[in-house]
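In our numbering, the protein residues as written are 2 to 561.
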């Protein structure tokens, strides 16, 4: 019998020529392997397993089946196979080997092919699979290919290595509601993660995360975007300083490409979404209250909030099936939640809502829909006043300060400048090499930006040539999902799908700050000198607050 087989008999407690033994909760006395986490099987035994579908590696005839587990039960997780992922069987279970992220991503077809799978469709376009270890969502039109596992789940998977950088344990996270600047100054992690002492654990984990993150491309991927002299900035500036991170109140997102689910009206009023609920977070009082509960309000299916827009007068959200919901604030005469449809097209996701004041007066909403239509709705009457169909789905819009021009981006490599009054196309802007999901217009009236899945943000001056952007900013790991200008118009915040938010000085063009953390980003927003980031991770997520450093602002900026 080979050494490998002897190790298996000793460690896993069964003969490899017999059916798999029932997993136990005991650890191996020889190597401290958690028997709930590791299961070995031969070629024949693999055919008996119905948890997942995978190929058997002929060279070694084994696969290592690692199951995500929690305090209640263990469930389907990862299959690590032969020499394609490890040079030998012992390498696959060694103390230094961690499964690459690619093996952690589960294919939708694997779930659909399971004989015992109980299919549960919230709608014809949504298939959901959930167990205590993993949670993933799928749509027929936009498969969630970009989102990695929640950060705490990724850390949990790292526990399967016998010497991980960080193991997921209840005592590995600070038991705190709020982490303050004073806590960070005293050595605490901004998100309350207790990194292992004596190691460059966070640095090493960051390198691992960057090296394994896979961005989602629609066009000719994996293209990493153009590189030019305008792409280089110094990311070592400190325009923003950390204030606090409220990890008790959770944010959520329902679509991996739509990340505009946080709005800050002022430093005491930050609105965000939590599943089908809009909540108001007060950073000063550390409280959170429900503003709109849409759990049972949808006119079609359970309301999945895909976009959020706020003003001092109203709160409006868009849904996955063309719904909208609007509630007037500070109006005792109308406290109802008004729910309706802007389209009956089943692909008509409300991708973005842009609130604005019309030049003629009165409030209106510009709604970018996945059915290729740009709509305008009067807030007072809740009637559509304009519909402009284009030749591709629309993902985001922004209006100039004088309310004359709109920039619109969508499922196309080109952005467009439209007449804000009649919707006519004024200019097509080329340059990006993939679809775009973010755009923003500065309060200076002429500077605007577009962000794409090609990992770049392009900064333009509307008075100049669109063929020569002012700057091209490069992302760290993923697509540009949200863009926001500071109220003074000088700084541009750029949100990636996860882990990184960049702050660029649009006057200097060469200086920037990178905010580095862990977790999926649900939204970003400025309010005065304050800046907020929504983190959708279910354990280490929350709402992080920063404030502008006075020394980084000029007199004009402070007076704005």
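For glycine and all other residues, C-beta sits at the position ideal for the given N, C-alpha and C.
Model, not experiment: these values are computed from the prediction.
Using a 10 angstroms sphere on the CB of residue 425, the tally of other CB atoms stays under 16, which defines it as exposed.
The beta-carbon separation of residue 287 and residue 179, rounded to 6 angstroms, stays under the 8 angstroms limit for a contact. With fewer than 16 other Cβ atoms inside 10 Å of its own Cβ, residue 211 counts as exposed.
In the displayed model, residue 217 falls within coil according to three-state DSSP, outside both helix and strand. A Cβ-Cβ separation of about 7 angstroms places residue 319 in contact with residue 368 under the 8 angstroms criterion. For residue 410, the uninterrupted beta strand (DSSP E) run begins and ends at 406 to 411, by DSSP.
Under the DSSP definition of a beta bridge, residue 192 lacks any partner. Three or more Cβ pairs closer than 8 angstroms define a contact, and the segment 526 to 542 meets that threshold against the segment 475 to 487.
Look at the beta carbons and you see the segment 453 to 466 not touching the segment 277 to 294: under three pairs across the two are nearer than 8 angstroms.
If you draw a straight line from the Cα of residue 252 to the Cα of residue 261, it is about 11 angstroms long. A direct Cα-to-Cα measurement between residue 474 and residue 506 gives close to 11 angstroms.
Under the DSSP assignment, residue 357 falls in the beta strand (DSSP E) whose first and last residues are 351 to 358.
In the displayed model, residue 336 falls within coil according to three-state DSSP, outside both helix and strand. DSSP places residue 245 inside the beta strand (DSSP E), whose first and last residues are 241 to 247. Taking the Cα of residue 190 as reference, the smallest distance to any Cα among 322, 517, 385, 254 is reached at 517. Distance check between residue 268 and each of 534, 538, 184 places 534 closest, using alpha-carbon atoms only. When rounded, the separation of the alpha-carbon atoms in residue 445 and residue 510 is 16 angstroms. Residue 446 sits in coil when the DSSP states are folded into three classes, being neither helix nor strand. Between residue 184 and the set 197, 245, 521, the nearest pair of CA atoms involves 245. Using a 10 angstroms sphere on the CB of residue 192, the tally of other CB atoms reaches 16 or more, which defines it as buried.
At a Cβ-Cβ threshold of 8 angstroms, residue 248 and residue 203 do not count as neighbours. Apart from the 5 residues on each side of it in sequence, residue 359 sits with its Cβ closer than 6 angstroms to the Cβ of 365 in its chain, given in chain order. Where residue 186 is concerned, the enclosing alpha helix (DSSP H) starts and stops at 182 to 186.
Remark: C-beta atoms of residue 376 and residue 385 approach each other more closely than 8 angstroms.
For residue 279, the closest alpha carbon among the candidates 293, 470, 322 is that of 293. Nearest to residue 311 by C-alpha distance, out of 352, 339, 338, 264, is 264. Beta-bridge analysis with DSSP links residue 328 to 316, 338. A residue is called buried once 16 or more other Cβ atoms fall within 10 Å of its Cβ, and residue 460 is buried on that count. The continuous beta strand (DSSP E) containing residue 309 extends over residues 306 to 311. By the neighbour-count criterion, in which a residue is buried when 16 or more other Cβ atoms sit within 10 angstroms of its Cβ, residue 400 is buried. 371 is the residue among 440, 357, 371, 353 whose C-alpha sits nearest the C-alpha of residue 347. Here DSSP, grouped into helix, strand and coil, assigns residue 436 to coil. Under the three-state reduction of DSSP output, residue 465 falls in the coil class, being neither helix nor strand. Residue 380 and residue 329 have their C-alpha atoms spaced approximately 9 angstroms apart. Counting along the chain, residue 256 sits inside no beta strand (DSSP E), nor does DSSP assign it H or E at all. Burial state of residue 427 is exposed, judged by a 10 Å Cβ sphere holding fewer than 16 other Cβ atoms.
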